[in-house]
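Peer 1: Residue numbers (the numbering used here), protein chains in the order written: chain A, 11 to 541; chain B, -6 to 531. Structure incoming, see below.
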């Protein structure tokens, strides 16, 4: 029975063209690179032992060439392996990103608590790179090198080779596995503490002004120090595990060397082993165990990557909710919304509110008010056609658009951001929409993460211009004044109401100034169940 | 991912923070050096034992060397344990210090950094310092001491091998620098482009809800596929260059070991060196290069941490030593020609006014005229670039922030509430207030029906915007009862009814306290004793 992350990784390997071939090539190259460093010391030891017998120089020349060859090839092989391995890892990451994106695109996200989910997704998906480059390749190649070294040495001294193999399994597989298992328990203790730390920092930063203004800052700082101390204690336990694993690896390497010397020394004394092979037998373990040294770290990387990929699998396996993309209605001269005895709720959950009825006609505005959690955004999603009604009926005429309070600004030009509303809009149409939204911005200016940031009012107007450029004539406005200061909010409302024209406005709000501007008020009941 | 911070190998400020952890770092370097000494002993014992055994001696002759070898190996295991532990301790001490300082800076000058960046910095960001303090910094010292010690012991045994090593070791930093110089510009250029491509996915995912609303989400998959292909090609191009330095490092070190081995072997044939010494040199030679190679490995590990530390220093640099000590006397709050600019941008034009005891002053002005900046200066959160705020001739700097703010009871646009109960939040500045008093101020703030034990969640969850505002006002009223003289009310963001606030102002007048109110509403302006227009000619 394979775990979810293993299934995901092998799925991705199949999804990547020639994925298995790339994997085999990377493992072979990695094994050859590690093998070269083992061989370098082994052949060098042989060369010196042979030289001690004072042979003709020609008898050494093959070994001398071998030493130089392994000396050069290790670096070159490692370089090639890293490139091939990263190529594979990046291909798998791309495949996973596409899969994640298409899955998320199919499920309705509006109105769900998605902030954390989406941000975390981006980071979690990158874990697949770590799994390939830092876990799969090191372990797979280490196993190959262990087996190869055993086979080489077993020809001279089976006993010594067997001890080496046993210590290599301990240092390279058992100790990392033990460290992973034990540190996972320690990590399990520190993960909630990290969550607490993140919460504390976020909350403290959000209310920092109030804490300082009311002399409560010293207490807040003391809470941080206390949490930090607890986190440090938890991390200390995880460190102890790592330290024991590392020390164990040194003991395993030492055991291999001491055993080789003891067994090999006896074999030389009894004439079963050529003296020139003794150095090879004793020194090769040193090189092999150096290769295994990094594997404890690799096992801990796996712990983190497992958790991340587990979360990705959860998202990939989730049943899609709603229809993802909103249906694009036809623009109409007589935009309207008719809601009769409507019950709304998320598919698969009980209705949040029932018995909603209203009619919205061209040029009219309706305010939807109600306590938070009453289903205001659920109503918006239902009217937009993103999720089906639980019961009752919604009929819309015209193209229904949505002005979010936190519409995303993409890291591109203003014009491209406006074209989200209509991908075929001409430059003139974009300029007209910006003008209509009251936003005199250069259409070629880059905004979002890469460019200058817009103020809250400008951002909301940019989002509004998307609705204008796309000929949306039923506008669902979600808390249009939220987070805006009072003069900015008033100016935006003035512009919205004067420029809406024949459009029909459905306004979700708790702002009394907005309610005052609307023709009709619809009150949603109290929340039945907190989401 | 490779990242260049554009700094030298050691950031001096990170080093100065290492003071907090000097003992652990020093002990770590000592343990590393002791390990090198044991490696030398181990090589000597091994070389001796192998040459003895290869000569066909009886096993008894091996018992002493093997016992010694076992001791050395146990010693190395113990040192490995110690090194790991010390490394963690040194990183942990610095991390705790930085966390404390960043939080202290955030509390001293609140609201400068978005909370999301702060959370990232304080958690994953600073964790990146583990690699820096635990591995990179000690390794930097060991890369000098260990090759030196090992080199000297090789020199004492066989000077011509030491010569080869002495020639090749300096080549490593030389070649590394050359590779760095020739590739840096290309890597940086590619990295910028590649970062942009890499962010595309994050940008799309964050914008998914927006795309869905416009029916455009599924259509973007094709664009994502193209960007991903470009991203992979670009990333591999960058890696091809940035892995070059590792290639040079490996090539030089392994090739040097190979040259030493072949040279020693050749000399051995012609009796230029004995077997035992040859083995000794062979075992030790890689140990010269190992710590140097490790520096390269840990440099990349630590780059993230260094970037985070730089972000932390940006915060900490704002931290000012607590000043003050001068007692404030009673008197009017005098704002004299106060102005503030960020670089060339004027955030607040020169403004002057006085708030006498019992007086209500309204501040008005268009959005962005500097009202929030003025309140920040008034409460001592920021030091204005010009002008002064004083009470009885004493400013915030002379009085000290805490003493200064004791005068004020502040209600921000959206009062920040801590998770807990309504009562917890009202008591924020006066933990000793009893339930009866909390109920009184809540009633005075227009929320007589709000339960004291009503839970308040994250970001004031569980309260409406109006209730949140009233809890903020109740809190301020309690502070006035505790001796604050000036109520500072910032206009609420969401449009709440102004009536209850007018009531608050009236009760305030009765108590003899004064008020500074930011508003653009005619009713509020009319109720004030005086209106100060910001942005108008002062």
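For each residue, glycine too, the CB sits at the ideal point set by N, CA and C.
(1) Distance cutoff 8 Å, beta carbons only. Does residue 299/A sit that close to anything in chain B?
(2) In this structure, how does DSSP classify residue 346/B when only helix, strand and coil are distinguished?
(3) With C-beta atoms as the reference, is residue 453/A less than 8 Å away from residue 474/A?
(4) Determine, for residue 478/B, whether the minimum Cβ-Cβ distance to residues of chain A falls below 8 Å.
(5) Mind pulling the chain B residues with CB within less than 9 Å of residue 213/A?
(6) In this structure, what does DSSP give as the bridge partners for residue 353/A?
(7) Looking at the unbroken alpha helix (DSSP H) that takes in residue 535/B, where does it start and where does it end?
(8) With a cut-off of 8 Å on the beta carbons, I'd call residue 453/B and residue 463/B a contact; round off their distance for me.
(9) Please say whether residue 111/A and residue 217/B have beta carbons closer to each other than 8 Å?
(10) Helix, strand or coil, according to DSSP, for residue 489/A in the structure here?
(11) If you count every other CB in all the chains shown that lies within 10 Å of the CB of residue 539/A, and 16 or more means buried, which is it?
(12) Buried or exposed: where does residue 254/A fall if 16 or more other Cβ atoms within 10 Å of its Cβ makes it buried?
(13) Pull up the DSSP beta-bridge partners for residue 348/A, would you.
(14) Anything in chain B within Cβ reach of residue 10/A, meaning under 9 Å, just list it in chain order.
(15) I'd like the span of the alpha helix (DSSP H) that includes residue 188/B, first residue to last.
(16) From the DSSP output, in three-state form, read off residue 160/A for me.
(17) One question on the structure: do residue 42/B and residue 75/B come within less than 8 Å of each other, judged by their Cβ atoms?
(18) Does the Cβ-Cβ distance between residue 424/A and residue 457/A come in under 8 Å?
(19) Measure the alpha-carbon distance for residue 421/B versus residue 380/A and round it to whole angstroms.
(20) Among the residues of its own chain, which have a CB less than 8 Å from the CB of residue 206/A, if the five just before and after it don't count?
(21) Assuming the contact rule is C-beta atoms closer than 8 Å, residue 282/B and residue 40/B should be a hit. Round their C-beta distance to whole Å, please.
(22) List, in order along the chain, the chain A residues whose C-beta lies closer than 7 Å to that of residue 238/B?
(23) Kindly indicate if chain B contains any beta-carbon less than 8 Å away from that of residue 245/A.
(24) Spatial neighbours of residue 402/B within its chain, please: CB distance less than 6 Å, with the 5 preceding and 5 following residues excluded, ordered by chain position.
(25) Answer yes or no: does any C-beta atom of chain B fall closer than 8 Å to that of residue 254/A?
(26) Take every Cβ of the region 140 to 160 of chain A, pair it with every Cβ of the region 307 to 321 of chain A, and state whether three or more of those distances are shorter than 8 Å.
(27) Would you mind sorting residue 17/A into buried or exposed? The rule is 16 or more other CB atoms within 10 Å of its CB.
(28) Find the nearest neighbour of residue 412/B within the set 396/B, 375/B, 300/B, 450/B, judged by alpha-carbon distance.
(29) On the DSSP bridge assignment, give the partners of residue 356/B in chain order.
(30) Taking Cβ positions, are residue 305/B and residue 114/B nearer each other than 8 Å?
(31) Beta-carbon within less than 6 Å of residue 554/B's beta-carbon, same chain only, minus the 5 sequence neighbours each way: which residues are those?
(32) For the pair the region 480 to 488 of chain A and the region 501 to 514 of chain A, tell me if three or more CB-CB distances fall below 8 Å.
(33) Answer yes or no: does any C-beta atom of chain A fall closer than 8 Å to that of residue 43/B?
(34) So if I threshold CB-CB distances at 7 Å, which residues from the region 93 to 107 of chain A count as touching chain B?
(35) Using a Cβ-Cβ cut-off of less than 8 Å, list which residues of the region 168 to 197 of chain A approach chain B; keep chain order.
(36) On the CB-based measure, 16 or more other CB atoms within 10 Å of its CB, does residue 64/A come out buried or exposed?
Peer 2: Quick answer:
(1) Against the first chain, residue 299/A aligns to sequence position 289. No, its Cβ sits nowhere closer than 8 Å to a Cβ of chain B.
(2) Mapped onto the second chain, residue 346/B falls at position 353. DSSP places residue 346/B in strand when its eight states are reduced to three.
(3) Translated into the one-based positions of the first chain, residue 453/A becomes position 443. Translated into the one-based positions of the first chain, residue 474/A becomes position 464. At a Cβ-Cβ threshold of 8 Å, residue 453/A and residue 474/A do not count as neighbours.
(4) By one-based count along the second chain, residue 478/B stands at place 485. Output row for residue 478/B: interface = no.
(5) Translated into positions along the first chain, residue 213/A becomes position 203. Neighbours of residue 213/A in chain B, taken as residues whose beta carbon is under 9 Å from its own, are 108, 409, 411, 412, 451, 452 in chain order.
(6) Counting from one through the first chain, the residue named residue 353/A turns up at place 343. Looking at the DSSP assignment, residue 353/A forms a beta bridge with 401/A.
(7) Residue coverage of chain B in this structure runs from -6 to 531, which leaves residue 535/B outside it and unanswerable.
(8) In the second chain, counting from the first residue as 1, residue 453/B sits at position 460. In the second chain, counting from the first residue as 1, residue 463/B sits at position 470. Not confirmed; about 12 Å, so no contact.
(9) As a working note, residue 217/B is residue 224 in the second chain. As a working note, residue 111/A is residue 101 in the first chain. Against a cut-off of 8 Å, the Cβ pair of residue 111/A and residue 217/B comes out as a contact.
(10) Within the first chain, numbered from 1, the residue matching residue 489/A stands at position 479. Coil at residue 489/A, not helix or strand.
(11) Mapped onto the first chain, residue 539/A falls at position 529. Note on residue 539/A: pLDDT 34, under 50, position unreliable in the model; no value is reported.
(12) As a position in the first chain, residue 254/A is number 244, starting the count at 1. The residue is buried, with at least 16 neighbouring Cβ atoms inside 10 Å.
(13) Mapped onto the first chain, residue 348/A falls at position 338. Residue pairing by DSSP puts residue 348/A in a beta bridge opposite 369/A, 405/A.
(14) Past the edges of chain A, shown from 11 to 541, lies residue 10/A, and the structure says nothing about it.
(15) Within the second chain, numbered from 1, the residue matching residue 188/B stands at position 195. Unbroken alpha helix (DSSP H) run through residue 188/B: 152 to 199.
(16) Looking up residue 160/A in the first chain gives position 150. Three-state DSSP puts residue 160/A in a helix.
(17) For the purposes of this step, residue 42/B is taken as residue 49 along the second chain, with counting starting at 1. For the purposes of this step, residue 75/B is taken as residue 82 along the second chain, with counting starting at 1. No.
(18) Taking the first residue of the first chain as 1, we reach residue 424/A at position 414. Taking the first residue of the first chain as 1, we reach residue 457/A at position 447. Yes, they are a contact pair.
(19) Within the second chain, residue 421/B is the residue found at index 428, counting from 1. Within the first chain, residue 380/A is the residue found at index 370, counting from 1. Rounded to the nearest angstrom, the gap between the Cα atoms of residue 421/B and residue 380/A is 29 Å.
(20) Taking the first chain and counting its residues from 1, the one referred to as residue 206/A is at position 196. If we look at residue 206/A and ignore the five residues flanking it on each side, its Cβ neighbours are 237.
(21) Here residue 282/B corresponds to residue number 289 of the second chain, with the count starting at 1. Here residue 40/B corresponds to residue number 47 of the second chain, with the count starting at 1. Not really, about 19 Å apart at Cβ, beyond 8 Å.
(22) For the purposes of this step, residue 238/B is identified with residue 245 of the second chain, where counting begins at 1. By Cβ distance, chain A contributes nothing, its closest Cβ being about 10 Å from residue 238/B, past 7 Å.
(23) In the first chain, counting from the first residue as 1, residue 245/A sits at position 235. Chain B places a beta carbon closer than 8 Å to that of residue 245/A, counting this residue as a contact.
(24) Start at 1 with the first residue of the second chain, and residue 402/B comes out as number 409. Result list for residue 402/B: 469, 472, 473, 477, 480, in chain order.
(25) As a working note, residue 254/A is residue 244 in the first chain. Put simply, the CB of residue 254/A is near chain B, with a gap under 8 Å to one of its CB atoms.
(26) As far as the Cβ criterion goes, the region 140 to 160 of chain A touches the region 307 to 321 of chain A, which means the pair count is three or higher.
(27) Along the first chain, read from residue 1 onward, the residue named residue 17/A stands at position 7. Flag for residue 17/A reads exposed.
(28) As a first step, residue 412/B is located in the second chain; it is residue number 419 there, counting from the start. When only C-alpha atoms are compared, the closest one is 450/B.
(29) Residue mapping note: residue 356/B aligns to position 363 of the second chain, counting from 1. Residue pairing by DSSP places residue 356/B opposite 511/B, 525/B in a beta bridge.
(30) Taking the first residue of the second chain as position 1, residue 305/B is located at position 312. Taking the first residue of the second chain as position 1, residue 114/B is located at position 121. Yes, these two residues count as a Cβ contact at 8 Å.
(31) Outside the modelled stretch of chain B, which goes from -6 to 531, sits residue 554/B, for which no answer is possible.
(32) Touching, yes.
(33) Locating residue 43/B in the second chain gives position 50, where the first residue counts as 1. Taking a beta-carbon distance threshold of 8 Å, residue 43/B counts as an interface residue toward chain A.
(34) Answer in chain order: 93, 96, 97, 100, 101, 104, 107.
(35) Listed by position along the chain: nothing, the set is empty.
(36) Residue 64/A sits at position 54 when you count from the first residue of the first chain. The residue is exposed, with fewer than 16 neighbouring Cβ atoms inside 10 Å.
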